[in-house]
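What follows is a short report on a single structure.
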Ligand SMILES: Cc1cc2nc3c(=O)[nH]c(=O)nc-3n(C[C@H](O)[C@H](O)[C@H](O)COP(=O)(O)OP(=O)(O)OC[C@H]3O[C@@H](n4cnc5c(N)ncnc54)[C@H](O)[C@@H]3O)c2cc1C
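Numbering (the numbering used here), first residue to last: 35 to 509.
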């Protein structure tokens, strides 16, 4: 009998599979919809995100960004999940984020999570500093020789009076909260180190750990409200598996969609799709992400350029992150990303059909709150001031007006919160502090779905953290 059946071998799923199977008595089976044998060259090159139209390693979703403005997002569909295709920025969430999180429920203060942040990392720059780790699976480094554009961005920030933050993962209070600094990255020798290679690969020889790829889980099966197994499709053939415990690590979109298709959700929505209700829950009722505006500019051809990792420096301004991307998205054009990190606007995710091949509908409702529109305008003004201080940048002449700003929201691809964490008496909560699904037995969600507050930094490091922490509970 399988003790723990993990659905999704992505960022969190690989961590959990490795940690749980460290106990030889614990039988772990990992099911991944994407391939498990990968093309290392394309996936490892940290200078490129392998997410273009031809990429076989992503799920694609049409989304509504704001009003009638639509877009597309991707998620990793390969062992390692989104950590195998992402930008390699590996920054901890802030103490303020965890203060907000632990207001929702106990157990997730910064002090409570710090041991797991330390355990997961091998920080090559600041490992000897308080609050850091030197022996964890994820290597963390900051660019030793940033490219000319990143260096000029840093000089521009300094010239405008912003303080340097040498270590964005330092303990709270160890340095300024706001300022610019080199980005900690899970990149080693130009290679992206995802959780598949860092955690799962070293564990795969264990006889108590089994992994199967190209296996799409379509539904969780219940006996009453106890989860007892899953239905899947593997190489075109349907099948079923039983397990004592089922853990969804399918990411914030697919974990929510799986719960909904299996009867955990808003009864009215489920009945409209002829899905029998197992337990009412606000799955997908809250979606958070980081809206981002891209300010494109040209580089003076007299200056040298060099592409390194996608993002070598950032400027943190409380709830705003300004990102001088070191890679190009359009030929000859550079981009300064301006992201709202604690937006007030909230989105929703709903199923469009019970059919597992039909992607859910995601409506971000970006900038629907006036506070976000005001903050974005301020942030874009700051970004433009910085651009003017960068000698090699040909800054756009005018600040885009509000109509342009509000018509051009993009997303940082950090969607979270679809199965948010909260107490049993919290009407917005889907899982408890240990990530068990309220109202059910034998079922957990362990991935970015569970985060109940907007995170002020990119979510990759915190997704690994969540899996590290919940592995303690499920061991
Ligand atoms: C293009 C891109 C760039 C990003 N860059 C950064 C960055 O630089 N820094 C940062 O902090 N964050 C970044 N992020 C966000 C971050 O990578 C993700 O939020 C995080 O990795 C999510 O982890 P997860 O475990 O929740 O889901 P995922 O890592 O997406 O894992 C989900 C896994 O479940 C599998 N799965 C899904 N459904 C099923 C099913 N039904 N049956 C079987 N398997 C299934 C998927 O194939 C996938 O492998 C980026 C995201 C994207 C998309």
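Every residue, glycine too, gets a C-beta built ideally from N, C-alpha and C.
(request) Return yes when at least one heavy atom of ligand 1 lies under 7 Å from the C-beta of residue 426, else no. (result) no
(request) Report the rounded CA-to-CA distance for residue 87 versus residue 444, giving the unit in angstroms. (result) 18 Å
(message) Quick check: what's the CA-CA separation for residue 304 versus residue 298?
(response) 8 Å
(message) Closer than 8 Å is the cut-off here; do at least three beta carbon pairs connect the stretch 174–181 with the stretch 502–509?
(response) no
(request) Give me the Cα-Cα distance between residue 160 and residue 206, rounded to the nearest whole angstrom. (result) 15 Å
(message) Assuming contact is defined by CB atoms lying nearer than 8 Å, are residue 286 and residue 37 in contact in what I supplied?
(response) no
(request) Express the C-alpha separation of residue 274 and residue 402 in angstroms, rounding to a whole number. (result) 43 Å
(message) Quick check: the stretch 245–259 against the stretch 50–65, are at least 3 beta-carbon pairs closer than 8 Å?
(response) yes
(message) Helix, strand or coil, according to DSSP, for residue 112 in the structure here?
(response) coil
(request) Within its chain, find whatever has a CB closer than 6 Å to the CB of residue 294; leave out the 5 residues flanking it on each side and keep chain order. (result) 317, 385
(message) Please report the distance separating the alpha-carbon of residue 331 from that of residue 85.
(response) 23 Å
(message) So, for residue 448: in the same chain, excluding its five sequence neighbours on each side, which residues have a beta-carbon less than 7 Å away from its beta-carbon?
(response) 323, 324, 492, 493
(request) Report the option in 453, 230, 310, 337 whose CA atom is closest to the CA atom of residue 50. (result) 230
(request) Can you grab the Cα-Cα spacing for the pair residue 168 / residue 214, in whole Å? (result) 24 Å
(request) Identify the continuous alpha helix (DSSP H) that holds residue 479 and give its terminal residues. (result) Premise fails: residue 479 lies in the beta strand (DSSP E), 477–479, not in any alpha helix (DSSP H).
(request) Find out if the Cβ-Cβ distance for the pair residue 343, residue 122 is shorter than 8 Å. (result) yes
(request) Flag residue 119 as yes when its Cβ comes closer than 7 Å to any non-hydrogen atom of ligand 1, and as no otherwise. (result) yes
(message) Using only the alpha-carbon positions, how far apart do residue 462 and residue 77 sit?
(response) 37 Å
(message) Quick check on this structure: which residue in 105, 119, 289 has the alpha carbon closest to the alpha carbon of residue 220?
(response) 119
(request) Examine ligand 1 and report whether any of its heavy atoms sits within less than 7 Å of the Cβ of residue 137. (result) no
(message) Does residue 374 come out as helix, strand or coil in the three-state DSSP assignment?
(response) strand
(message) Considering only heavy atoms of ligand 1, does any lie closer than 7 Å to the CB of residue 222?
(response) no
(message) For the alpha helix (DSSP H) containing residue 152, name the first residue and the last one.
(response) 144–154
(request) Please find out if some non-hydrogen atom of ligand 1 comes closer than 7 Å to the beta-carbon of residue 448. (result) yes
(request) Have a look at 395, 413, 489 and flag the residue whose alpha-carbon is nearest the alpha-carbon of residue 105. (result) 395
(request) Report yes if the CB atom of residue 283 is closer than 8 Å to the CB atom of residue 107, and no otherwise. (result) no
(request) In angstroms with no decimal places, state the Cα-to-Cα distance between residue 129 and residue 144. (result) 5 Å
(request) Let me know if residue 71 comes out buried or exposed under the rule of 16 or more other beta-carbons within 10 Å of its beta-carbon. (result) exposed
(request) Identify, in the order they occur along the chain, each residue of the same chain with its Cβ nearer than 7 Å to the Cβ of residue 153, setting aside the five sequence neighbours on each side. (result) 167, 170, 502
(message) Tell me whether residue 494, by its Cβ, gets closer than 7 Å to a heavy atom of ligand 1.
(response) yes
(request) Please report how far the alpha carbon of residue 53 lies from the alpha carbon of residue 441, in whole angstroms. (result) 45 Å
(request) Check whether the Cβ of residue 497 sits closer than 7 Å to any heavy atom of ligand 1, and report yes or no. (result) yes
(message) So if DSSP puts residue 103 in a beta bridge, which residue, or which two residues, is it bridged to?
(response) 100
(request) Have a look at residue 251 and residue 499 and give me their C-alpha separation to the nearest angstrom. (result) 25 Å
(request) Give me whichever residues DSSP pairs with residue 223 in a beta bridge. (result) Paired residues: none, contrary to the question.
(request) With hydrogens ignored, establish whether the beta-carbon of residue 327 is closer than 7 Å to any heavy atom of ligand 1. (result) no
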